[in-house]
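Residue numbers (my numbering), protein chains in the order written: chain A, 167 to 421; chain B, 32 to 277.
In this text, a Cβ means the ideal position worked out from N, Cα and C, and glycines have one as well.
Down below is the structure, laid out as structure tokens.
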Amino acid sequence: MIEVKNLHKGFGEVKVLKGISATFLAGETSLIIGESGSGKTVFIKSLIGLHTPEEGTISFDGRINTKFSEKEKQQWRQEIGMVFQGSALFDSQTVEENVMFPLKMFTKQTQEEMLERVNFVLKRVNLENSNKKLPAELSGGMQKRVAIARAIVMNPKYLFCDEPNSGLDPRTAIVIDNLIQEITDEYNITTVINTHDMNSVMEIGEKIIFLKDGRKAWEGSSNDIFKTDNEAVVNFVYSSNLFKKVRDAYLNEKK
Amino acid sequence: MNYLEHTGKYFMMLGRVFKKPQRTKVFYEAFLKEIEDLGLKSLGIIMFISFFIGGVIALQTALNLENPFIPKSLIGFAAKRSIILEFAPTFCSIILAGKVGSYITSSIGTMRVTEQIDALEVMGINALNHLVLPKVLATVFFYPFLISLGMFLGILGGWVSGVLSGLFSGADYIEGIQTDFDPFLLSYAIIKTLVFAFIIATVPSYHGYFVKGGSIAVGRASTQAVVWTTILIVIANYFLTQMLLT
Chain A
167 MIEVKNLHKG FGEVKVLKGI SATFLAGETS LIIGESGSGK TVFIKSLIGL
217 HTPEEGTISF DGRINTKFSE KEKQQWRQEI GMVFQGSALF DSQTVEENVM
267 FPLKMFTKQT QEEMLERVNF VLKRVNLENS NKKLPAELSG GMQKRVAIAR
317 AIVMNPKYLF CDEPNSGLDP RTAIVIDNLI QEITDEYNIT TVINTHDMNS
367 VMEIGEKIIF LKDGRKAWEG SSNDIFKTDN EAVVNFVYSS NLFKKVRDAY
417 LNEKK
Chain B
32 MNYLEHTGKY FMMLGRVFKK PQRTKVFYEA FLKEIEDLGL KSLGIIMFIS
82 FFIGGVIALQ TALNLENPFI PKSLIGFAAK RSIILEFAPT FCSIILAGKV
132 GSYITSSIGT MRVTEQIDAL EVMGINALNH LVLPKVLATV FFYPFLISLG
182 MFLGILGGWV SGVLSGLFSG ADYIEGIQTD FDPFLLSYAI IKTLVFAFII
232 ATVPSYHGYF VKGGSIAVGR ASTQAVVWTT ILIVIANYFL TQMLLT
């Protein structure tokens with residue numbers, strides 16, 4: 167479980183996060199949504215320790231990350247898997263080398279053991295027979311799968327994804343969403359996803375947090391989002407005609 | 032940001048670079064790869080330029096020595112000293128600053144803007160140590176060989192140019208090379224090369240690591256890195272010459 171209390175973060179004069187509190191449970195897929203510039207990326211980067219909070223605490227199963235010793239921090243880092251918006255695969259390494267990299271750095275497994283684990287996770291993300299390809303030879307969806315494979319290869323307790331669907335076609339986006347949710351359920355991972363893809367919200371949003379101007383403006387599930395009368399959420403989620411119609415249909419059905 | 036701030040940030044970066052590698056085997060693999068990327072792949076250009084510049088130095092010296100009382104062996108002597116003292120260590124290092132420096136900045140800068148460095152840090156890896164230390168050790172280890180090869184080929188180029196042009200004989204040239212040979216000249220050249228190699232690896236790494244923005248920022252950082260590396264090599268050359276030869 168990840169518990170965020172009163173998180174503040176800014177850059178110089180610009181205050182990006184203004185007192186966010188939230189709880190993310192193990193085995194649950196939580197989505198952070200909000201307009202561009204609402205603080206989603208800064209929030210997720212604060213969770214993974216790339217930004218240090220100015221105020222507030224982030225605790226991982228009761229351990230506050232800013233109070234870690236170097237050794238504890240190192241240990242905690244290995245409990246984290248992160249899927250970056252642009253996949254962030256190492257260009258000069260093949261798919262196999264990318265996924266094997268954390269194992270080489272942090273385990274004492276033999277080459278055969280590492281290869282077995284790499285093949286297992288690549289199979290898990292439905293990406294077999296691409297071991298020797300370079301990231302540049304893969305499609306966007308395949309790169310995302312490699313990034314997910316690399317993020318889960320160390321069996322993380324916490325998985326973070328920054329806009330995992332950006333740049334993907336709707337069909338591939340749903341495949342990636344479902345994959346993340348399956349992995350979350352399967353390994354009981356605490357998963358936090360940044361997105362502004364409404365399909366993701368409807369598909370996998372067990373818990374949704376809506377950020378506006380650096381503050382938590384709303385929290386609920388994908389079902390609650392149909393019923394909410396929070397003006398900011400309604401304006402953001404139902405800005406497209408398609409989702410407006412879906413919502414109307416849902417509410418009519420409930421009447 | 033002012034120069035003082037950059038200097039402080041550069042030395043703080045070095046503090047993080049010179050840490051014990053987290054995994055020796057991974058470091059060793061990276062070191063060998065850097066030897067190939069930063070050293071072996073520069074062999075061709077250094078060999079080509081050294082040979083022809085050596086030839087030009089010998090020809091220019093020959094053409095400017097018209098007095099019949101000056102022995103022809105002086106051409107070999109002058110070419111040897113110019114090549115060992117300045118051309119090979121300094122001129123070749125400036126060429127390497129352009130070729131290797133821009134490569135280092137653009138590769139690390141691209142890793143920065145595509146979040147690959149963030150990915151390393153999230154994994155708990157000291158990205159500076161992982162990316163920069165192999166480059167520093169590879170250049171410091173390999174460039175003395177590269178520059179020594181440059182010296183040899185420069186002197187050889189001088190001999191070939193003399194023989195082909197007929198301006199001086201090969202025997203006179205070799206006599207000049209053997210005259211008054213001081214082994215300290217080689218030590219001086221190697222010491223300079225080690226310092227320049229360190230600058231070539233670290234200054235472009237600094238520019239790449241701290242780049243902010245996108246591809247244009249990476250391009251701009253590469254240009255700045257080459258300019259600053261060249262400036263620092265020239266300044267270091269002046270002080271090293273004063274310290275070692277006066």
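If you count every other CB in all the chains shown that lies within 10 Å of the CB of residue i, and 16 or more means buried, which is it?
i: D395/A; result: exposed
i: V367/A; result: buried
i: M280/A; result: buried
i: F392/A; result: buried
i: S235/A; result: exposed
i: A302/A; result: exposed
i: Q309/A; result: buried
i: Q273/B; result: exposed
i: D227/A; result: exposed
i: A254/A; result: buried
i: V180/A; result: exposed
i: Q147/B; result: buried
i: Y237/B; result: buried
i: L408/A; result: exposed
i: D213/B; result: exposed
i: T277/B; result: exposed
i: N33/B; result: exposed
i: N264/A; result: buried
i: P99/B; result: exposed
i: I374/A; result: buried
Since residue i and residue j are thought to touch, with beta carbons under 8 Å apart, how far apart are those beta carbons, to the nearest angstrom?
i: V167/B; j: T233/B; result: 6 Å
i: I163/A; j: P322/A; result: Residue numbering for chain A in the displayed model covers 167 to 421; residue 163/A lies beyond these limits and cannot be assessed.
i: L198/B; j: L90/B; result: 7 Å
i: M248/A; j: F376/A; result: About 22 Å; that fails the 8 Å criterion.
i: L213/A; j: I224/A; result: 6 Å
i: G107/B; j: Y204/B; result: 4 Å
i: F270/B; j: L184/B; result: The pair is not a contact, with the Cβ atoms about 28 Å apart (cut-off 8 Å).
i: E245/A; j: Y324/A; result: 6 Å
Could you pull out every residue in the same chain whose Cβ sits closer than 8 Å to the Cβ of residue i, ignoring the five residues on either side in sequence?
i: K299/A; result: T260, V261
i: F42/B; result: none
i: L345/A; result: V291, N292, R311, I314
i: V399/A; result: F376, A383, W384, I391
i: Y174/B; result: G70, S124, L127, T224, L225, F227, A228, I231
i: G201/B; result: W190, G193, V194
For residue i, collect the residues of the same chain with a Cβ closer than 6 Å to its Cβ; drop the 5 residues on either side in sequence, then sort them by chain order.
i: M182/B; result: I114, I115, A119
i: T195/A; result: Q347, T350, T357, I370, E372
i: I210/A; result: F326, D328, N360
i: A61/B; result: P165
i: S253/B; result: S133, T136, S137
i: Y219/B; result: L275
i: I230/A; result: T223
Within its chain, find whatever has a CB closer than 7 Å to the CB of residue i; leave out the 5 residues flanking it on each side and keep chain order.
i: V208/A; result: K175, V182, L183, H217
i: L151/B; result: A158, H161
i: T5/B; result: The displayed coordinates of chain B run from 32 to 277. Any statement about residue 5/B would go beyond what the structure contains.
i: L191/A; result: M167, T356
i: N268/B; result: T121, K223
i: A109/B; result: T92
Would the beta-carbon of residue i fall within 8 Å of that of residue j?
i: F267/A; j: F250/A; result: no
i: L216/B; j: I77/B; result: no
i: I139/B; j: Q53/B; result: no
i: T121/B; j: I264/B; result: yes
i: T136/B; j: A248/B; result: no
i: V48/B; j: L164/B; result: yes
i: R243/A; j: V153/B; result: yes
i: S202/A; j: K382/A; result: no
i: I208/B; j: K111/B; result: yes
i: R143/B; j: G46/B; result: no
i: G252/A; j: L173/A; result: no
i: T319/A; j: V341/A; result: For clarity, residue 319/A is Val in the given sequence; the question names Thr instead. For V319/A and V341/A, no; Cβs fall outside 8 Å.
i: P336/A; j: N295/A; result: no
i: S125/A; j: D379/A; result: No answer is possible for residue 125/A: the residues shown for chain A start at 167 and end at 421.
i: L96/B; j: L177/B; result: no
i: S104/B; j: E36/B; result: no
i: G307/A; j: T276/A; result: no
i: T189/A; j: E220/A; result: no
Would you verify that the beta carbon of residue i is, or is not, closer than 8 Å to some beta carbon of chain C?
i: Q244/A; result: The structure shown has no chain C; the protein chains it does contain are A and B.
Next on the checklist: Using a Cβ distance threshold of 8 Å, determine whether the segment 187 to 196 of chain B contacts the segment 86 to 94 of chain B, with at least three qualifying pairs required.
Outcome noted: yes
Next on the checklist: Within 8 Å, do at least three Cβ pairs link the segment 389 to 406 of chain A to the segment 123 to 141 of chain B?
Outcome noted: no
Checklist entry - Can we say the segment 331 to 339 of chain A touches the segment 276 to 295 of chain A, given the rule of at least three CB pairs closer than 8 Å? => result no
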